[in-house]
Structure formats: C-alpha cells, structure tokens
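What follows is a single structure, written as structure tokens, with notes after it.
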Amino acid sequence: MSLDTVRLDRRTLLAGAATAAATLPLVARATSVPPGLNALATEKGMRIGSAFAWSPPGADAGSFANPAYAALLQRDCGLLVPENQLKWQATRPAPDRFDFTHVDAMLGWAEAHRMAMRGHTLLWHKTEYFPRWLVGYDFGATAASAAERLLTTHIETVCKRYAGRIHSYDVVNETVDEKTGELRETSLSRAFGGTVPMLDHAFHAARAAAPQAQLVYNDYMSWEPGNAAHRDGVLRLLEGFRKRGVPVDALGVQSHIEPAGDAPAGLLAARQEKPWRAFLDAVTGMGYDLLITEFDVADQHLPTDITLRDRQVADYAGAYLDVMFSYPQLRDLLFWGMCDRYSWLKGFKPRKDGSTPRVAPYDSGFRPKPLRDTVAAKLIGAATRR
Ligand code: 9MR
C-alpha cells in the first residue's frame, strides 16, 4: 500500500466521517420515535396510564387484543386499569360465584408488557351499577352480618387473588351524591347498618387483604362550577376517615373535565382554580395523596371545527394539569381510554352536531392529537417527584 493510498484513504475516511457527523442528527431525527408519555413521566417520578378492555382477538375495541389499541398502550403507558372488567357486575355473576377470566387475561398482558395494573373497583356504591342480583338481595334475618360477609368475601377474593400483582385499588367508588354531598344509601349499606360503617369496613378489609396496596377513594367531583356540594361531601368523607383512623391513602380525582362553553381556557381556569385549589389543599393537608384516575375532556360545548375544538380541549386540559401537577402528591395520571374511537363519552355525551367527540389523546384513526402534545409538554415542565 503506497503512502498516497493511505493519505487518500485517510482523507476519504475523514471526509466520510464529517459527512456522517453532519448527516447523523438528521438521520437520527428522521428515524427516532419521540418518547412516549410514560417515558417522559418516568423522568419526573410519575406514571401515565389508561383504561383498557378485554375483547376477543381482533375485535374493534379499546382492548389489549386489538393491535392498533395495544400499540397506543405500549407507546404511552406504564399503568393500566380495566375499564369495566373488575367491577362486581363483571366478576360476580352470583353471590357465591366469581369469574376472573377477563381480568386474568388483562393482567397477564399488562405484566408481559411491563405495565402495572390498578384495580377498579372493590365497591362502586351506586345502586345502578350493582349486579342485578344484589339490588333486591334478601340478606335474611341477620342482615348486618350477611352484608358484612358479602362485602368482605368480595374484597378478600379479589385482593388475595391478585396479591403482589395489583398495587393500587379504588376501594370505594362514587359514594357521595353529587347534588347533595350526602352519602348514598343502597340495599347493601342498609343491610350493613349504615353507609359510614360499611365504607370504613371496606377499607379495613382491603388493608387486611392487601397490606402493601395503595387504597384509594375515587370520585368525580370536579373543578367546574356546580361541583361545590360534591366537593364538600367528599371532604367531609375524607375528614371522617382520618378521624376514625380508616386506612385510606389517596383520593382518586377522576377528572372527567368539561369546559362549560367555548370561552378561552385561561378564562375558565382563572374562575375555577381558586375553589379547586382550596379543595386539593384540604385533601392533601389531611395527608392524602392524589391520582388522576379517569382523565378525558368532554367537548359537548365546543365548536364543530376540529382544529379549533382540538385546540380548546388541549388548552383546557393544559390549564387543569398546571394545577394538578403543581401538587407533588400527584404521581399518576390515567386516561379513561387512549382514543376517541372507544370513549364512553360517545354514548354518554353525544354531540349535537353528530360528530365524534374528540376527548382523548388519540383520534378515532389512532392519530395523536394536540391533547397528547399538551400532556407531553406538561410532563416535561413538571417538577420531579421524590
Ligand atoms: O367507561 C365505563 C363504561 O364503559 C361503563 O358502561 C360504565 C358503567 O359500568 O362505567 C364507565 O366508567 C365509569 C367508571 O367506572 C367510574 N367513573 C365514571 C366512569 C364513566 O362513567
């Protein structure tokens, strides 16, 4: 090999290296995938998650068995929650019979993909969501002990089945009446001898059956006007838990938020922030942690135009998350579904113009929306949790 050849080779090499150096960032930019939301959250000691469902393979559903939906979960989530499959209606077809087929499959999938799964819910204390057999149930002559047995058996059966695998439960869901702030009564609480002793018992039973799990009271009191009675009722409940030494670790703030009109998000937030912070300060002041358990943004009152609507949804969510993320007690944010296609709001809050509600981080074609960008930006701006 001549010296010239070596020189030429070195020159070529250097030129090549320079070209590579110049083009690498472009190539890297073009081919690298932006980090998922949970990856951004992890940097801050936080987690992002979503509700998901069970379905047969290939069904058009918000399920792990639908590859298009599963891809969103894998991209953005570190935490999942069954939307319906762990409710009494699904797991307890009869007083003495349990069916965990779907939950087992969901948890298996979550674990195989290195995601945690929350439990929702050990007691949804609202008659309309009881299994039919429970609504008119005959508790017999010793009603109080029969009711206690029914509830304890449920909590123990779920918690022990998933011991060491489910680390957070919505032990009680929605027991405060949104209009009056009073505690709901049901056939179960009446048989038990009162709602308060029944709720206390549910948390004690959960602590005994799942000593390491985070125990959550979950409800939909929100920051919009019209929620004051609901918030006050939840505060009274949480105060009572503390006074009586009931083991409750956190408040699940469902966060089905909804701009009341198409006023700028900043204006709406400015009106709503003060009472909302007063509520959250009172909750955290009692030592409770916070979770956003069911996040979505209803768009019933927003314009038809998609660009405008998506912007308003994202801005309103951004203003909300500014407040929520300012609480270091908040580490987990779960969407109530990753994409519009399967959102409960399609049926529950349909739009007058007949268009699909745009309430989730991805649209019905699984494309990311401004809401997703906003959540990413807020995670990047969030303080690191210890
Ligand atoms: O999204 C859920 C919907 O598919 C069910 O039909 C409904 C009744 O089981 O529950 C919805 O989820 C609710 C959650 O369990 C509790 N908070 C309010 C949610 C929306 O209604």
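Each step along the sequence shown adds one to the number in our numbering, with nothing skipped, and position 70 is 285. All C-beta atoms in this analysis are idealised placements derived from N, C-alpha and C, irrespective of residue type, glycine included.
Asked                                                                                                               : Found
Endpoints, alpha helix (DSSP H) assigned at Trp438                                                                  : Segment: none, Trp438 is in no alpha helix (DSSP H) and carries neither H nor E.
Start and end residues, alpha helix (DSSP H) containing His317                                                      : 316 to 327
Cβ-Cβ distance between Pro479 and Gln515 below 9 angstroms                                                          : no
Within 9 angstroms, strictly: CB atoms of Arg556 and Asp588                                                         : no
Outcome for Phe563 when other beta-carbon atoms lying within 10 angstroms are tallied against a minimum of 16       : exposed
Entirely enclosed alpha helix (DSSP H) segments - the region 528 to 566, minimum 4 residues                         : 560 to 563
Backbone CA spacing between Ala484 and Tyr535 [nearest angstrom]                                                    : 7 angstroms
Alpha carbon of Leu560 to alpha carbon of Leu548, nearest angstrom                                                  : 19 angstroms
Cβ separation of Asn433 and Thr508, assumed to be a contact under 8 angstroms, to the nearest whole Å               : 6 angstroms
DSSP-derived helix/strand/coil call for Tyr344                                                                      : helix
beta-carbon Lys609 near the ligand 9MR non-hydrogen atom, thresh 8 angstroms                                        : Residue 609 is absent from the structure shown; the chain starts at 216 and stops at 601.
Identity of the residues DSSP links to Phe510 by a beta bridge                                                      : Phe550
Selected residue, minimal CA-CA separation from Tyr344, among Arg329, Thr367, Trp303, Thr357                        : Trp303
Inter-stretch contact (C-beta, 8 angstroms, three-pair minimum) for the region 247 to 258 and the region 516 to 534 : no
Assigned secondary structure, Pro250 (DSSP; H/G/I helix, E/B strand, else coil)                                     : coil
8 angstroms contact criterion, which Phe540 and Ala592 should meet: CB distance rounded                             : 11 angstroms between Cβ atoms; not a contact.
Cβ-Cβ separation, Ala254 to Arg262 (assumed contact under 8 angstroms), whole Å                                     : About 11 angstroms; that fails the 8 angstroms criterion.
Where Pro240 falls, given that 16 or more other Cβ within 10 Å makes a residue buried                               : Caution is warranted here: a pLDDT of 43 is assigned to Pro240, below 50, making its placement in the model unreliable, and the coordinate value is therefore given only provisionally. Exposed, since its Cβ has fewer than 16 Cβ neighbours within 10 Å.
Beta-carbon spacing of Thr499, Gln544 below 9 angstroms                                                             : yes
C-alpha distance - Arg399 paired with Gly260, whole-angstrom precision                                              : 36 angstroms
Classification of Gly334 by the beta-carbon crowding that lies within 10 angstroms, buried from 16 upward           : buried
Any non-hydrogen atom of the ligand 9MR closer than 8 angstroms to Gln515 Cβ                                        : no
Neighbour-count burial assignment, Arg329, 16 or more Cβ in a 10 Å radius                                           : exposed
Exposure of Ile521, with buried meaning 16 or more beta-carbon neighbours within 10 Å                               : exposed
Gly500 in three-state terms, based on DSSP                                                                          : helix
Endpoints, beta strand (DSSP E) assigned at Val386                                                                  : 381 to 388
Unbroken alpha helix (DSSP H) run spanning Gly408, endpoints                                                        : It is not in any alpha helix (DSSP H) - Gly408 carries neither H nor E in the DSSP assignment.
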